[in-house]
Structure formats: structure tokens, C-alpha cells
Amino acid sequence: MANRRSLQDRSSPRRDDGRVPVSARQSRAARLLYYAALAADDNFGYIAFVTKFLGLLDIAVVGCGVAGQAAATLLAESGHRVTIYERFTEPQPIGAGLLLQPTGLAVLRKLGLADAAIAGGARVTGLEARTHRGRSVLDLHYADLHPLAHGVGIHRATLFDLLHGRLLQSPAKLVTGTEIVDVDKTHLVEENGARHGPFDLIVAADGAHSALRARLMPQVRAPLYSWGCMWTTVPDLLGIGAAGLLRQRVRGTRLMMGLLPVGRGEVTIYWSLPIRALGRSKTIDLASWRRTATALWPEAAAIIDHAATGDFARATYRHVALARWNAGPVLFIGDAAHGTSPQLGQGANLGLMDAWTLATTLADAPDLLSAFLRFERRRDPAVRYYRHASHLLTPFFQSRLAPLGWLRDAVMGPACHVPGLRVMMGSTLAGTRRGWLSATPLGDNGCFPLDV
Ligand SMILES: Cc1cc2nc3c(=O)[nH]c(=O)nc-3n(C[C@H](O)[C@H](O)[C@H](O)COP(=O)(O)OP(=O)(O)OC[C@H]3O[C@@H](n4cnc5c(N)ncnc54)[C@H](O)[C@@H]3O)c2cc1C
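Printed below as a string of C-alpha cells:
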């Protein structure tokens, strides 16, 4: 590992092919021991101990989404030999516009993509949620944490293109049209039995509905939330982008609509629905939706009318809680490790943070097992907090439990004006919480400090 080029130290020597030199004898001997241990079905502790001699790892990343692309790029540029596998022939973004938080923006900055993300998206300064009667439910602003802090609403395709362009510039190798369904020791396995490998480390970034998690961690239940949403992106006829706010309108716990500016004069509409209404076979009655949505949010009628003629996509979410982040040499990151409801708008940001933490942890850990333990220690507190908070909060916005809606309307609005609570809620929005009791303060420039 000492030979590996660290992310911070870009001055160490590289070979012509961009890799970091590793003693061939050292590497071969370690590999022999490593595979001998695997063949003997030895426990992972021994295998990981042995890999400390490897220096440069052969890494497979499964899934070309936000987390997978960021991880593959960062790991390849740290000197590892990285291959990223994607089931689609043409990797493509799936899903609605999303809100990048200071945490996710900090990782994009390390990738040299933050300015392009800000330019291609819409600067978001806060979140405002109201009931259909206009009563304030949430009124949070990044400026409460730092005058320069902000989020960025961005079309998923824009974020995908940025990450994908960056991946293609990196030494990582992309293999598309390859659906990985299993791992056999150090090899990836496709449905038709084709095998890829061997790999020292496999990063499973195959999303909330992860096939690898179901295969390697059958004890993890990962239940679907009983509510999901439909969404579409339309021209921003109301100037939501100019106001710089993510806006929501709610009525009880059954009706919720969100408007997120995503740049380029567009806004993404979210509409909450129970999952039984979201099945592929269900048709969405757009005329009826338009009536309900306009009654909920009359001021948004122009946008609603426009959306009612277009295509809505559907999204369901899972509650994923892993006891450990790894199963042998397979490490789960992104939604595969901690999928949750997007109520707090954190999933992509958490995935970007996973990618950064993995690359930096591998760069300074003495062996793979230590790296896994350190990674878990670094990521667990924040991920646990956001998973719990999302799980707790979601029924207040999406459920059949009317009393939760009354409680929300009575308590949350006033809570936003209690100084301590306001900062806690603001830091939750900004993605900076480390747990229920602490948060990472933003740096002097209003950015999230990744290197502390
Ligand atoms: C409606 C909605 C709104 C959201 N809003 C926000 C928001 O505002 N802010 C935010 O941060 N997050 C938001 N999220 C969450 C965010 O979209 C996810 O957390 C994020 O996309 C997860 O990234 P990922 O890379 O882990 O997984 P994904 O983006 O799901 O990528 C997984 C990739 O793996 C590939 N794959 C899957 N299975 C296999 C296989 N077997 N073999 C090979 N490849 C495979 C897939 O094709 C895909 O390319 C939202 C989610 C939804 C549904």
C-alpha cells in the first residue's frame, strides 16, 4: 500500500500507462497467498491481512450510477486497476432531478465538476413547505449555516453526463451491457454464467434494488416504502428557479407536491403516491391528477397544466439497513448500502461521500480489512442518522396516518423558528449531520470540508 499514489499526493511516480509501480515479486507473492487462502476458503481476516502486500488493487465496480462512477474515477486515479460494469448497453440516468447538497458538491469539487454542476443546475438557497392553506411547515435556508452555503438543483441527466465524461477521462475501464448477478469468491458472475475477474476488491454500487445485496446478504430485508412518487420535468413557467427555493405543498399526509428548479429554465415536479398506484400496469389518470394538483396548489396551475400533457416516470424507494458494509471482498456503497426515501434529498450526496471516503481510506489503510473497518467507522454515523431521520420523517409527509399530518402542521413550522432546532434542521438539509448530536461545520467559504 505504501507504493500506492494517494489522492492528495499526486507527485508520486507513475508508469507510462498511468499506473503506480508495484514490486512485481511482492505483488505476485501476495496474490499467490491471497488466492491460496481463497481456495482454502479461509476466513476473510486472513485474506485481507495478506492483501496488505498488494499495493495496487484490481477493483471491480458494479453499477454506473452516481456512486459507482464517482468511486471508479477516484479509485482509478489513485492508481488502482478499475473496471466498472453496467447492465445497460448505453449507461443512462434513471430518475428525477435531484438536489445536490454541500457534501455532494464538495466531492464534485474534488472531481473538478462542481463549477459545471452549478452552471448546469440551479442554485438553491432553501426549502419552503406549506400546507394547502398556506401555513408554513418548513422554512429552512442554507444561509443559517453559512452566508455562502447553497445547494444545487440539477437534472439527473446533467449530473450523469458530468460524471460519465469524467469517468471516461480516467484510466477506469467501462464494460456495458453486462448484468452482474452474483460473486463467486473473487469473480463477478453474469446470469448466463460468464465470469469476470479475479478482483481483489468488488464495489457493489448497483442501486437500491441491488441484486448483489440480495444474493450476498439474503438476511437483509430492504423493504419497499409503501409510498413512492411520480415525477416529470417541465419548463419553469413560475420562475421557481429565480426564487432559488425547493418548494413543497402538502395537505394531510396523502397529498404532497414538490417543485425543484433544475437549471436550464426547467423544474422537476414530484407527486407523492402509494406504491399500489405506481405499478407499471397502472395508468395514471392525468386529467384527474391535474384537478387534484391544482386544488392543492392553485398558484402552480400553469406548470401543472403543462405537466398534465407530458410523461411521468415513477419511483419507489427501499429502506436499506446493512449490519456490515461488506460481505467478504464485496463492499456495498450508495443506495445498495443505504437506500432510503428521498424525503431529505440525501441519497446521491451520500453515495458521492461514500466514493470519496472509500478512495481516501484505501489510500491510507495498511490492508483491505483495516480499510473496510475504517470506511465503516467514517461513514456509519452520518449514514445511520440520515437513514433513521428519513425513515422517521417520511410518514409525516407520505402515509395514511392523518394525525401525523396534524402534528407536522402544528409543530414543524414553529420549530423552524427556534434557533437551536433551526440550525439542526438546516444542517440536516445540508447533509452535514454526523449524528443526532453533532454536525460538521461548513468551512470559511461555505463549502463542506472533506479533508477534516
Ligand atoms: C424521486 C427521487 C428523488 C430523489 N431526490 C434526491 C435528491 O434530491 N438528492 C439526492 O441526493 N438524492 C435523491 N434521490 C436519491 C438518489 O437518486 C439516489 O440515492 C442515487 O441515485 C443513488 O445512486 P447509486 O449510484 O447508489 O444508485 P443508482 O443511481 O440507482 O445506480 C445504480 C446503477 O447500477 C446499475 N445496475 C443495477 N443493477 C446492476 C447489475 N446487476 N449489474 C450491473 N449494473 C447494475 C444500474 O443500471 C445503475 O446504472 C432521489 C431518488 C428518487 C427516487
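Going by our numbering, the residue at position 56 of the sequence shown is 191; the numbering climbs one at a time, nothing skipped.
All residues carry an ideal CB built from backbone N, CA and C; glycine is no exception.
Return yes when the Cβ of residue j is within less than 8 Å of the Cβ of residue i, no when it is not.
| i | j | result |
| --- | --- | --- |
| R343 | D470 | It should be noted that the sequence gives Ala, not Arg, for residue 343. Yes. Within cutoff. |
| L577 | P237 | yes |
| Q227 | L302 | no |
| T134 | F447 | Here the chain has residues from 136 to 587 only, and residue 134 is not among them. |
| L487 | V201 | yes |
| A252 | L235 | yes |
| I468 | A206 | yes |
| R453 | G480 | no |
| V316 | L457 | no |
| G376 | A231 | no |
| V402 | I439 | no |
| W432 | R384 | yes |
| T266 | V259 | no |
| M365 | R449 | yes |
| A211 | A307 | yes |
| G239 | A483 | yes |
| L209 | W406 | no |
| L381 | G269 | no |
| A435 | L373 | yes |
| C420 | I194 | With the sequence shown as reference, residue 420 is identified as Asp, and Cys is not the correct amino acid for it. No, they are not a contact pair. |
| L323 | G332 | yes |
| L485 | V518 | yes |
| T575 | R569 | yes |
| G413 | G363 | Note that residue 413 corresponds to Leu in the displayed sequence, not to Gly. Yes, the Cβ-Cβ distance between L413 and G363 is below 8 Å. |
| Q478 | L536 | no |
| D371 | G393 | no |
| I410 | S361 | yes |
| V310 | L347 | no |
Going by beta carbon distance, what residues of the same chain come within less than 6 Å of residue i, once the five residues before and after it are set aside?
| i | result |
| --- | --- |
| P584 | G578 |
| G255 | T293, G398 |
| D177 | At D177, the pLDDT of 46 sits below 50, so the modelled position is not reliable; the number obtained from the coordinates is stated separately. Closer than 6 Å at Cβ, skipping near neighbours: no residue. |
| G98 | Outside the shown range of the chain, which is 136 to 587, sits residue 98, and nothing can be said about it. |
| Q533 | W362, S407 |
| E511 | W460 |
| V455 | A357, H473, G474 |
Report buried or exposed for residue i, applying the criterion of at least 16 other Cβ atoms within 10 angstroms of its Cβ.
| i | result |
| --- | --- |
| T495 | buried |
| H552 | exposed |
| N327 | exposed |
| V185 | In this prediction, V185 has a pLDDT of 45, which is less than 50 and means its spatial position is unreliable; what the coordinates show is noted afterwards. V185 is buried by the Cβ-count criterion. |
| F295 | buried |
| T224 | exposed |
| T418 | exposed |
| D341 | buried |
What does a CB cutoff of less than 8 Å around residue i pick up in its chain, not counting 5 residues either side in sequence?
| i | result |
| --- | --- |
| A550 | L556, R557, M560 |
| L539 | T388, P530, F531 |
| G247 | R301 |
Please list, in chain order, all residues of the same chain as residue i whose beta carbon is under 7 Å from its beta carbon, the five residues on each side excluded.
| i | result |
| --- | --- |
| G261 | L275, H276, Y277, L380 |
Quiz item: For the segment 487-504 against the segment 421-432, are there 3 or more C-beta pairs whose distance is under 8 Å?
Solution: no
Self-check item: Within the segment 289-364, ranges of the beta strand (DSSP E) (whole runs, at least 3 residues)
Solution: 308-310, 315-319, 322-325, 336-339
Practice problem: Entirely within the segment 461-543 and at least 3 residues each: give me those beta strand (DSSP E) ranges in chain order. | Solution: 465-467
Quiz item: Taking three-plus beta-carbon pairs below 8 Å as touching, is the segment 388-398 in contact with the segment 448-464?
Solution: no
Quiz prompt | At least 3 beta-carbon pairs within less than 8 Å: the segment 542-552 vs the segment 206-218 | solution = no
Quiz prompt | Uninterrupted alpha helix (DSSP H) stretches inside the segment 386-449 (no shorter than 4 residues) | solution = 421-431, 436-442
Practice problem: Entirely within the segment 230-274 and at least 3 residues each: give me those beta strand (DSSP E) ranges in chain order. | Solution: 233-235, 257-259, 261-266
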